[in-house]
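The block underneath contains the structure these notes are about, expressed in structure tokens.
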Amino acid sequence: MRKSHISTLAISMTAAAALLVAGSALAAGKQDHHHGHGGAADIGKAGKASAATRTVTITMHDNYYEPKGMTFKEGETVRFVIHNKGEFVHEFTIATAEMHKSHAPAMQMMVEHGVLEPDRINWEAAKQMQAKMGHGMHDEPNSALLEPGKSAEIVWTFPKHAALEFACNVPGHYESGMVGKIKLSH
Amino acid sequence: MRIVSQTARALALGLTAAACLAGAVSAGEYHLTVDKITIDTGEFTRSGVGFNGTSPGPELRFQEGEDVVIHVTNNLSETTSIHWHGLILPYQQDGVPGITYDGIAPGETFTYRFPIKQSGTYWYHSHSDFQEPDGAYGALILEPKAPKPYSYDREYVVQLADAHPHHGSRIMRNLKMMPDYYNRKQRTLMDFFSDAKDKGLGAAWSDRKDWGEMRMMPTDIEDLQGFTPVINGKGPAQNWTGLFKPGERVRLRFINSSAMTYFDVRIPGLQMTVVQADGNNVQPVVVDEFRIAVAETYDVIVQPQEDKAYTVFAESMGRTAYASGTLAPRDGMVGAIPDMRTAPLLTMADMGGAHGGHGGMDHSQHGAMTESKSVEMDHSKMDHAQHGAMADAKPAEMDHSKMGHSQHQAEAPPNPYYADGSGLSPTAANGGKFLHYGDLKAQKPLYPVRAPTREIEMRLTGNMERYMWSINGIKYADADPIRLTYGERVRFKFVNETMMTHPMHLHGMWSILDTGQGQWNPIKHVVSVSPGTTIYMETEVDAPGKWAFHCHLSYHADSGMFRKVIVEGGPSDKQAAIPTTATGG
Numbered sequence: 000m001r002k003s004h005i006s007t008l009a010i011s012m013t014a015a016a017a018l019l020v021a022g023s024a025l026a027a028g029k030q031d032h033h034h035g036h037g038g039a040a041d042i043g044k045a046g047k048a049s050a051a052t053r054t055v056t057i058t059m060h061d062n063y064y065e066p067k068g069m070t071f072k073e074g075e076t077v078r079f080v081i082h083n084k085g086e087f088v089h090e091f092t093i094a095t096a097e098m099h100k101s102h103a104p105a106m107q108m109m110v111e112h113g114v115l116e117p118d119r120i121n122w123e124a125a126k127q128m129q130a131k132m133g134h135g136m137h138d139e140p141n142s143a144l145l146e147p148g149k150s151a152e153i154v155w156t157f158p159k160h161a162a163l164e165f166a167c168n169v170p171g172h173y174e175s176g177m178v179g180k181i182k183l184s185h
Numbered sequence: 000m001r002i003v004s005q006t007a008r009a010l011a012l013g014l015t016a017a018a019c020l021a022g023a024v025s026a027g028e029y030h031l032t033v034d035k036i037t038i039d040t041g042e043f044t045r046s047g048v049g050f051n052g053t054s055p056g057p058e059l060r061f062q063e064g065e066d067v068v069i070h071v072t073n074n075l076s077e078t079t080s081i082h083w084h085g086l087i088l089p090y091q092q093d094g095v096p097g098i099t100y101d102g103i104a105p106g107e108t109f110t111y112r113f114p115i116k117q118s119g120t121y122w123y124h125s126h127s128d129f130q131e132p133d134g135a136y137g138a139l140i141l142e143p144k145a146p147k148p149y150s151y152d153r154e155y156v157v158q159l160a161d162a163h164p165h166h167g168s169r170i171m172r173n174l175k176m177m178p179d180y181y182n183r184k185q186r187t188l189m190d191f192f193s194d195a196k197d198k199g200l201g202a203a204w205s206d207r208k209d210w211g212e213m214r215m216m217p218t219d220i221e222d223l224q225g226f227t228p229v230i231n232g233k234g235p236a237q238n239w240t241g242l243f244k245p246g247e248r249v250r251l252r253f254i255n256s257s258a259m260t261y262f263d264v265r266i267p268g269l270q271m272t273v274v275q276a277d278g279n280n281v282q283p284v285v286v287d288e289f290r291i292a293v294a295e296t297y298d299v300i301v302q303p304q305e306d307k308a309y310t311v312f313a314e315s316m317g318r319t320a321y322a323s324g325t326l327a328p329r330d331g332m333v334g335a336i337p338d339m340r341t342a343p344l345l346t347m348a349d350m351g352g353a354h355g356g357h358g359g360m361d362h363s364q365h366g367a368m369t370e371s372k373s374v375e376m377d378h379s380k381m382d383h384a385q386h387g388a389m390a391d392a393k394p395a396e397m398d399h400s401k402m403g404h405s406q407h408q409a410e411a412p413p414n415p416y417y418a419d420g421s422g423l424s425p426t427a428a429n430g431g432k433f434l435h436y437g438d439l440k441a442q443k444p445l446y447p448v449r450a451p452t453r454e455i456e457m458r459l460t461g462n463m464e465r466y467m468w469s470i471n472g473i474k475y476a477d478a479d480p481i482r483l484t485y486g487e488r489v490r491f492k493f494v495n496e497t498m499m500t501h502p503m504h505l506h507g508m509w510s511i512l513d514t515g516q517g518q519w520n521p522i523k524h525v526v527s528v529s530p531g532t533t534i535y536m537e538t539e540v541d542a543p544g545k546w547a548f549h550c551h552l553s554y555h556a557d558s559g560m561f562r563k564v565i566v567e568g569g570p571s572d573k574q575a576a577i578p579t580t581a582t583g584g
């Protein structure tokens with residue numbers, strides 16, 4: 000499996016924070032960060048591939064995932080292999096519902112600046128947005144933004160307790176059902 | 000409060016043979032009757048026309064890939080017809096008397112046979128006389144073969160209409176006799192004094208004179224008023240209700256089956272994700288409110304989280320009436336009903352091409368008239384003394400604190416699908432996102448992008464004084480058909496020279512609205528053209544035969560804003576008719 004560096008992208012938390020969002024959207028793996036909505040949510044952290052107990056294949060379609068939901072053991076480290084088999088750009092992000100919601104305006108901003116086109120990421124527009132707004136695109140360990148046909152890997156260590164969802168925050172996709180629950184069993 | 004369950008509606012369907020669900024080729028056989036019925040909106044009762052004894056008629060559900068056989072029996076004492084609005088089918092099955100067939104005579108049964116080659120939310124209605132305004136309409140749902148690009152836990156049809164206490168033929172007579180017969184919002188002498196105070200006597204007088212020469216008034220937004228908006232046949236007092244469990248995603252299939260009325264639709268407390276327009280999936284777009292033109296459809300997904308009633312609220316564009324229904328976790332619940340916003344006034348911008356010599360028109364009037372609109376503010380509680388002061392109010396007085404993350408969208412440039420300074424350009428009641436055509440992007444383009452082979456200009460024209468509506472100044476009765484050649488890609492240029500908004504509907508072929516988005520341009524069957532604007536749509540001419548092309552406002556279509564389109568050439572197998580039968584008795 001080829002790890003695609005250019006496609007494992009998410010918008011930086013500074014970008015999200017700048018947009019009327021009380022807390023950062025994607026502070027994943029940075030457990031020292033304080034969240035705005037009622038305290039820190041422990042969503043887990045980036046894991047080591049060698050510690051992964053299993054590999055789960057995630058297929059992105061327009062606009063839904065296979066599988067539709069997942070169950071892991073608390074504290075488990077999982078390797079996700081993500082393929083975008085749709086015709087549109089999609090995201091796979093592990094976070095709480097609240098965090099997904101606060102991430103939405105940043106994604107909307109990317110659409111409005113022409114960075115996020117329906118079926119591609121416009122890197123030229125991304126550079127311009129970076130220059131103009133000071134917001135760019137950064138790797139986040141809990142998230143992958145994939146153009147059609149692209150693949151990526153995420154290794155994630157889940158916490159003991161958390162109400163987590165995997166979701167696509169491309170505008171309108173979450174609302175149309177591109178979201179699933181992650182249950183953590185004892 | 001009377002609530003008819005979906006089950007009861009489904010049972011009303013005259014279904015004699017179910018489609019073979021497992022088979023590769025399935026064929027469903029359906030029976031419809033066209034009947035004289037009683038319309039009861041909760042505000043009035045009258046006689047009308049329905050299907051299988053009801054208005055709206057039964058919700059028809061077909062499967063993409065199914066070959067349908069639909070027997071339609073006319074129980075009326077006049078000719079009838081059924082047109083399958085938005086469907087791609089052989090022209091002989093399109094159901095337009097005088098163009099595709101002779102219609103269905105009293106006592107006769109006509110059998111439609113056609114393959115279902117598409118999916119989405121559509122509707123069906125009579126294309127004869129004024130039977131559709133009189134109640135002859137219903138919802139038509141085509142289930143897709145492929146997985147949907149969205150998911151939901153339950154769904155409802157929300158079919159809007161403008162039920163009127165007068166029969167359509169009487170309305171047409173009255174409009175011909177006196178075009179402002181149904182305009183209850185005529186400006187009064189007191190309004191003139193108020194205008195004079197706001198703008199100065201000279202400007203107010205010049206304004207009046209311009210409108211007078213136009214034979215129109217700033218309130219000419221709805222030339223038919225006095226109707227009761229209904230949802231699935233139910234007036235506001237009858238409160239159509241759709242049930243949900245908190246947290247579920249609910250798909251609402253909005254269909255505007257009105258004769259004349261555009262609606263601005265919102266569900267206070269819920270954002271709506273638009274996933275389909277005119278039966279074709281669009282890339283999902285989250286909005287707070289949308290305007291639905293006559294004959295359009297929009298499918299939205301909502302996710303009510305709270306255990307409470309939410310009001311589905313649809314104000315008419317001219318703010319003369321509203322439809323309301325309820326989404327609720329249990330039967331019998333009612334949500335808060337918002338006040339209607341202040342009626343918009345047409346502006347000189349809406350006069351656009353309609354008024355050649357503006358003469359002494361002062362451009363500063365644009366501003367004044369636009370600002371007096373400010374539909375986001377709650378004018379409903381204002382008395383008239385305050386009106387003058389409010390006329391200068393800038394949007395800055397609005398409460399932005401409630402606008403949340405969509406604030407930046409409220410500052411977006413004006414809606415390009417209205418004339419600059421138009422009184423009709425809509426804004427969301429909560430200051431949030433109001434859908435416009437530029438937001439619609441095709442989910443799956445049906446045709447490759449290519450240059451059009453030619454352009455055809457269609458000036459939308461009219462003489463309000465005589466209630467005559469036409470295209471390029473010629474009414475249907477006097478016009479030659481538009482001749483197209485199979486294989487062309489025709490670019491239609493709509494130039495609205497009137498002060499009314501016209502929902503233009505081409506039968507049989509798709510209307511690809513040019514929003515400047517190339518392959519993502521939305522694929523529609525109705526294109527609404529605002530006053531004083533020019534917009535373009537392109538059509539791949541891929542359906543031989545004879546088709547109707549008209550304004551979908553019933554009384555505009557009937558008075559002449561209508562054309563016959565003939566598509567010549569094409570493969571012989573496509574030209575060949577699927578056999579149809581008309582049997583007596």
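Protein chains in written order, with numbering that gives the first Met the number 0: chain E, 0 to 185; chain V, 0 to 584. We put the CB at the ideal spot given by N, CA and C, even for glycine. Remember, it's a predicted structure, so these values are computed and weren't measured experimentally.
### Task
Specify the secondary structure class of Val-448 (chain V) as computed by DSSP and reduced to three states.
Val-448 (chain V) falls in the coil class under three-state DSSP.
### Query
Using the beta-carbon count (16 or more within 10 Å), is Arg-112 (chain V) buried or exposed?
So Arg-112 (chain V) ends up on the buried side.
### Message
In the DSSP assignment, the alpha helix (DSSP H) including Ile-170 (chain V) goes from what residue to what residue?
### Response
Its alpha helix (DSSP H) spans residues 167-176.
### Task
Spell out the partners DSSP gives Lys-233 (chain V) in its beta bridges.
Answer is V:Ile-230, bridged to Lys-233 (chain V).
### Query
In the DSSP assignment, what are the bridge partners of Asp-298 (chain V)?
For Asp-298 (chain V), which the question treats as bridged, DSSP gives the partners V:Arg-252 and V:Gln-275.
#### Entry: Cutoff 7 angstroms; reference Lys-67 (chain E); Cβ partners in own chain excluding five residues on either side
Contacts found: Gly-179.
### Message
Which runs of the alpha helix (DSSP H) at least 4 residues long sit entirely within the stretch 478-562 of chain V? Give them in chain order.
### Response
Segments of the alpha helix (DSSP H) lying fully in the stretch 478-562 of chain V: 553-557.
### Task
Report yes if the C-beta distance between Ala-313 (chain V) and Leu-159 (chain V) is below 8 angstroms; otherwise report no.
With contacts defined by Cβ atoms closer than 8 angstroms, Ala-313 (chain V) and Leu-159 (chain V) form a contacting pair.
### Query
Ser-3 (chain E) CB to nearest chain V CB: under 8 angstroms?
The pLDDT assigned to Ser-3 (chain E) is 41, lower than 50, so where the model puts this residue is not dependable; a value taken from the coordinates is nonetheless given after this. Output row for Ser-3 (chain E): interface = no.
### Query
So, is the C-beta of Asn-62 (chain E) closer than 8 angstroms to a C-beta in chain A?
No chain A appears in this structure, whose protein chains are E and V.
### Query
Who pairs with Gln-158 (chain V) in a beta bridge, going by DSSP?
V:Ile-254, per the DSSP bridge assignment.
### Task
Using only alpha-carbon positions, find the residue among V:Ser-323, V:Glu-221 and V:Pro-303 that is nearest to Ser-553 (chain V).
Ranking V:Ser-323, V:Glu-221 and V:Pro-303 by Cα distance to Ser-553 (chain V) puts V:Glu-221 first.
### Query
Looking at Asp-219 (chain V) and Leu-345 (chain V), is the spacing between their C-beta atoms short of 8 angstroms?
Taking 8 angstroms as the Cβ cut-off, Leu-345 (chain V) and Asp-219 (chain V) qualify as a contacting pair.
### Task
Using a Cβ-Cβ cut-off of less than 7 angstroms, give me the residues of the stretch 163-174 of chain E that come near chain V, in sequence order.
From the stretch 163-174 of chain E, only Pro-170, Gly-171, His-172 and Glu-174 have a Cβ closer than 7 angstroms to chain V.
### Query
In its own chain, which residues sit with a C-beta less than 8 angstroms from the C-beta of Glu-63 (chain V), not counting the 5 before and 5 after it?
Take Glu-63 (chain V), set aside five residues on each side of it, and the residues of its chain with a beta-carbon closer than 8 angstroms to its own are Ile-115, Lys-116, Gln-117, Ser-118, Leu-141, Glu-142, Pro-143 and Lys-144, in chain order.
### Other residues of its chain near Leu-520 (chain V): CB distance less than 7 angstroms, five sequence neighbours each side excluded
The identity of residue 520 (chain V) in the sequence shown is Asn, whereas the question assumes Leu. Result list for Asn-520 (chain V): Ala-441, Ile-511, Leu-512, Asp-513 and Thr-514, in chain order.
### Residues sharing a beta bridge with Asn-73 (chain V), DSSP
Paired residues: V:Val-33.
### Task
Could you list which residues in chain E have their beta carbon closer than 8 angstroms to that of Ser-150 (chain V), in chain order?
By Cβ distance, chain E contributes Tyr-63, Ser-175 and Gly-176.
### Query
Would a C-beta distance cut-off of 8 angstroms place Asn-62 (chain E) and Ile-93 (chain E) closer than the cut-off?
Not a contact, by the Cβ cut-off of 8 angstroms.
### Query
Which residue's Cα is closest to the Cα of Phe-30 (chain V): V:Pro-55, V:Val-67 and V:Phe-129?
Reading the sequence as shown, one finds His at residue 30 (chain V) and not Phe. It is V:Val-67 whose Cα lies nearest to the Cα of His-30 (chain V).
### Rounded C-alpha distance that separates Lys-474 (chain V) from Leu-459 (chain V)
Taking the Cα positions, Lys-474 (chain V) is about 10 angstroms away from Leu-459 (chain V).
### Message
Whether or not the stretch 259-270 of chain V and the stretch 145-162 of chain E are in contact is what I'm after, with contact meaning three or more pairs of Cβ atoms, one per stretch, closer than 8 angstroms; do they touch?
### Response
Proximity of the stretch 145-162 of chain E to the stretch 259-270 of chain V falls short of the contact definition, fewer than three beta-carbon pairs being nearer than 8 angstroms.
### Query
To the nearest angstrom, how far is it from the Cα of Glu-454 (chain V) to the Cα of Met-536 (chain V)?
If I take the Cα positions, the gap works out to 10 angstroms.
### Message
I'd like to know if the stretch 228-247 of chain V and the stretch 269-288 of chain V are in contact, where contact means that at least 3 CB-CB pairs between them fall below 8 angstroms.
### Response
By the Cβ rule, the stretch 228-247 of chain V does not count as touching the stretch 269-288 of chain V, because fewer than three pairs are nearer than 8 angstroms.
### Query
Any beta-carbon of chain V closer than 8 angstroms to the one on Ile-181 (chain E)?
Contacts with chain V at 8 angstroms (Cβ-Cβ) do not include Ile-181 (chain E).
### Task
Compare the C-beta of Pro-117 (chain E) against all C-beta atoms of chain V and say whether one is closer than 8 angstroms.
So yes, Pro-117 (chain E) belongs to the interface.
#### Entry: Same chain only: Cβ atoms within 7 angstroms of Lys-182 (chain E), ignoring 5 sequence neighbours per side
Around Lys-182 (chain E): Thr-70.
### Message
Could you give the first and the last residue of the continuous beta strand (DSSP E) run that contains Ala-130 (chain E)?
### Response
Ala-130 (chain E) -> not in any beta strand (DSSP E); alpha helix (DSSP H) instead, spanning 122-132.
### Query
Candidates V:Gln-518, V:Ile-522, V:Pro-502 and V:Gln-302: which alpha carbon is nearest Asp-152 (chain V)'s?
It is V:Gln-302.
### Task
Could you have a look at Asp-438 (chain V) and say whether DSSP puts it in helix, strand or coil?
Correct three-state label for Asp-438 (chain V): helix.
### Query
Can you tell me the Cα-Cα spacing of Ser-127 (chain V) and Ala-104 (chain V), whole angstroms?
The alpha-carbon atoms of Ser-127 (chain V) and Ala-104 (chain V) are separated by roughly 11 angstroms.
### Message
Just to make sure I have the definition right: I need the residues of chain E whose C-beta is within less than 8 angstroms of the C-beta of Pro-585 (chain V). Which are they?
### Response
Since the first residue of chain V shown is 0 and the last is 584, residue 585 (chain V) is not available in this structure.
### Task
Could you work out which residue in E:Val-114, E:Phe-87, E:Met-136 and E:Ile-120 is closest to Met-177 (chain E) when comparing CA atoms only?
For the residues E:Val-114, E:Phe-87, E:Met-136 and E:Ile-120, the minimum Cα distance to Met-177 (chain E) belongs to E:Phe-87.
### Query
For Arg-183 (chain V), which residues in chain E fall below 7 angstroms Cβ to Cβ?
Within 7 angstroms Cβ-Cβ: nothing; Arg-183 (chain V) doesn't reach chain E, min ~39 angstroms.
### Query
Which residue or residues does DSSP assign as beta-bridge partners of Leu-459 (chain V)?
Note: Leu-459 (chain V) sits in a beta bridge opposite V:Ile-470 and V:Asn-495.
### Message
Which residues in chain E have a C-beta closer than 7 angstroms to the C-beta of Arg-248 (chain V)? List them in chain order.
### Response
What Arg-248 (chain V) touches in chain E: Gly-176.
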